[in-house]
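S.K.: Numbering (the working numbering), first residue to last: 2 to 398. Here it is, the structure, as structure tokens.
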Amino acid sequence: MDRVCMYAAAPVMGRELGFDKLTIGIIFSSFAWGYSLFQVPAGWLADKIGPRRMLSAIVAWWSAFTALTAAGWSLPSFVVIRFLFGAGEAGAFPSATRAFSLWLAPSERGFAQGITHAGSRIAGALTHAVTPMLMAAWGWRVPFLLFGSFGMIWAVVWFRWYRDRPEDHSKVSTSELGWIQQHKPHSSETVHLSWRTLLSESNIWCLCAMYFCYGYVLWIFLSWLPTYFAEVRGFGLVKSGVATAIPLLAGTVTNLLGGWLSDWLYVRTQNLRFARRLIAITGFAVAMAFVTFGVLVHDPKMAILSMSLAVAGLELTTGVCWAIPLDVAQNHSGTVSGLMNMFGNAGGAISPILVALAVQRFHSWTPPFVLAGFLCLVAGLLWFKIDPYRSLANSAR
2 MDRVCMYAAA
12 PVMGRELGFD
22 KLTIGIIFSS
32 FAWGYSLFQV
42 PAGWLADKIG
52 PRRMLSAIVA
62 WWSAFTALTA
72 AGWSLPSFVV
82 IRFLFGAGEA
92 GAFPSATRAF
102 SLWLAPSERG
112 FAQGITHAGS
122 RIAGALTHAV
132 TPMLMAAWGW
142 RVPFLLFGSF
152 GMIWAVVWFR
162 WYRDRPEDHS
172 KVSTSELGWI
182 QQHKPHSSET
192 VHLSWRTLLS
202 ESNIWCLCAM
212 YFCYGYVLWI
222 FLSWLPTYFA
232 EVRGFGLVKS
242 GVATAIPLLA
252 GTVTNLLGGW
262 LSDWLYVRTQ
272 NLRFARRLIA
282 ITGFAVAMAF
292 VTFGVLVHDP
302 KMAILSMSLA
312 VAGLELTTGV
322 CWAIPLDVAQ
332 NHSGTVSGLM
342 NMFGNAGGAI
352 SPILVALAVQ
362 RFHSWTPPFV
372 LAGFLCLVAG
382 LLWFKIDPYR
392 SLANSAR
């Protein structure tokens, strides 16, 4: 909610403050740069201090800057606020990934990651649908204040409820604790993983390059889709918000489905490489086909359907992408997932500006969407080189 409300508010905010597309793109990008640059430090810190303290602190941080967005008045003010917002939110998914490494067996990780990212997408869908209504009633600043308050409440609840170790949680029964310890992989806590070892792994570089492509494409849907539906498809403020929510809801379903299918395939075949690759390659192939078709088709309803299928394909890969750091890194999963997400959001930082420049240069939305289809192809091909069996613990010894 906190991330997406800016994109939903952008058309109204831009008109009120006199911002053109490039200015809006720079504001979008400032969040992404903060989010990208702090992924690795945040993931490393989550490994060191644990997800309980890390998530409580960073959610309170970014919620404060969500509320402060309502006080923005100029390009520099928005750039500073959104950059600091992104720096705080950078630790969210790496910290969640670290939490999973402490609680979950490999056969549960894809689905768990799917649930986490599905929560992100359904919130994005609802935000795109609800924010225009809030703006119509109270202006574009009120949603930022409202959503920021929700995050503050969450941070308190998380700190009081969650424990880093299952054995420290009062609600975990003896039988559940025994199951967790039995099915969790052997700890690699004593293994020292150097940055030299990490950065010399081609497996990790392929993972990061794949996620760069994913991030570039995802951010087109998150940031520019409302504007695209308004300008190209002729939808009004509320209708464009609803039209944007539909693809994100489709992505919510496939987030859950992709992770679950990968785990199911692993249980059935005992081949983790096959289970991860099949789902990811299929998802990127679907995204490639329909993002291209969606921008070329003339019927607005077919455009919504095609974009929905494109997002659905893209999000089918998410749980699998985030399961790989757990598969290969275990107790260093916060660091590895942070590195992966840094590259993903570097793509996300570049995407809003390149889309704005392309639209202004070519006076068409077709080139940036066609490029998105090509990057889906590249990401799918990279999955033939990503191997969940190449443990970093073995490389470190």
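Beta carbons: idealized from backbone N, C-alpha and C, even for Gly.
Please report the straight-line C-alpha distance between residue 198 and residue 393, rounded to a whole angstrom.
M.R.: 8 angstroms
S.K.: Would you call the CB atoms of residue 254 and residue 313 closer than 8 angstroms?
M.R.: yes
S.K.: Quick one: Cα of residue 286 to Cα of residue 334, how far?
M.R.: 27 angstroms
S.K.: Nearest to residue 207 by alpha carbon, out of 34, 40, 382, 99?
M.R.: 382
S.K.: Could you tell me the distance, in whole angstroms, from the CA atom of residue 75 to the CA atom of residue 141?
M.R.: 15 angstroms
S.K.: Are residue 380 and residue 369 close, meaning C-beta to C-beta below 8 angstroms?
M.R.: no
S.K.: Using CA atoms only, rank isn't needed, just tell me which of 281, 390, 71 is closest to residue 139.
M.R.: 71
S.K.: Just to confirm, are residue 115 and residue 261 a CB contact at a threshold of 8 angstroms?
M.R.: yes
S.K.: So, does the stretch 19-31 touch the stretch 82-89, judging by three or more C-beta pairs under 8 angstroms?
M.R.: yes
S.K.: State the CB to CB distance for the pair residue 217 and residue 349, rounded to an integer number of angstroms; the pair is presumed to be in contact (CB under 8 angstroms).
M.R.: 7 angstroms
S.K.: Considering residue 88, what are the terminal residues of the alpha helix (DSSP H) in which it resides?
M.R.: That run of the alpha helix (DSSP H) goes 76-90.
S.K.: Within its chain, find whatever has a CB closer than 7 angstroms to the CB of residue 184; leave out the 5 residues flanking it on each side and keep chain order.
M.R.: 106
S.K.: Taking the straight line between their C-alpha atoms, what separation do you get for residue 231 and residue 354?
M.R.: 19 angstroms
S.K.: Verify whether the separation of the beta carbon atoms of residue 317 and residue 291 is less than 8 angstroms.
M.R.: no
S.K.: Is residue 246 closer than 8 angstroms to residue 305 when the C-beta atoms are compared?
M.R.: Residue 305 places its beta carbon 8 angstroms or farther from that of residue 246.
S.K.: Any chance the CB of residue 347 is under 7 angstroms from a heavy atom of the ligand SAH?
M.R.: Looking for the ligand SAH in the displayed structure turns up nothing, as the structure carries no ligands at all.
S.K.: In chain order, what residues of the same chain have a beta carbon less than 6 angstroms from the beta carbon of residue 34, not counting five sequence neighbours either side?
M.R.: Only 350 meet the Cβ criterion.
S.K.: Straight-line CA distance for residue 5 to residue 57?
M.R.: 20 angstroms
S.K.: Could you check what DSSP says for residue 112 in three-state terms: helix, strand or coil?
M.R.: Helix.
S.K.: Can you grab the Cα-Cα spacing for the pair residue 195 / residue 11, in whole Å?
M.R.: 43 angstroms
S.K.: Take the Cβ of residue 188 as the centre, count every other Cβ of all protein chains shown within 10 Å, and call the residue buried at 16 or more, exposed below.
M.R.: Any reading at residue 188 must be qualified, since the residue scores a pLDDT of 49, below 50, and its modelled position is unreliable; the value itself is stated next. Residue 188 is exposed by the Cβ-count criterion.
S.K.: Looking only at C-alpha atoms, which of 276, 69, 47, 296 sits nearest to residue 165?
M.R.: 47
S.K.: Is DSSP giving residue 177 helix, strand or coil here?
M.R.: In this structure, residue 177 counts as helix in the three-state DSSP scheme.
S.K.: How many Å lie between residue 377 and residue 224 at the Cα?
M.R.: 18 angstroms
S.K.: In three-state DSSP terms, what is residue 49?
M.R.: helix
S.K.: DSSP three-state call for residue 300: helix, strand or coil?
M.R.: coil
S.K.: Hey, residue 2 and residue 124 are a contact pair by Cβ (cut 8 angstroms); roughly how many whole angstroms apart?
M.R.: 5 angstroms
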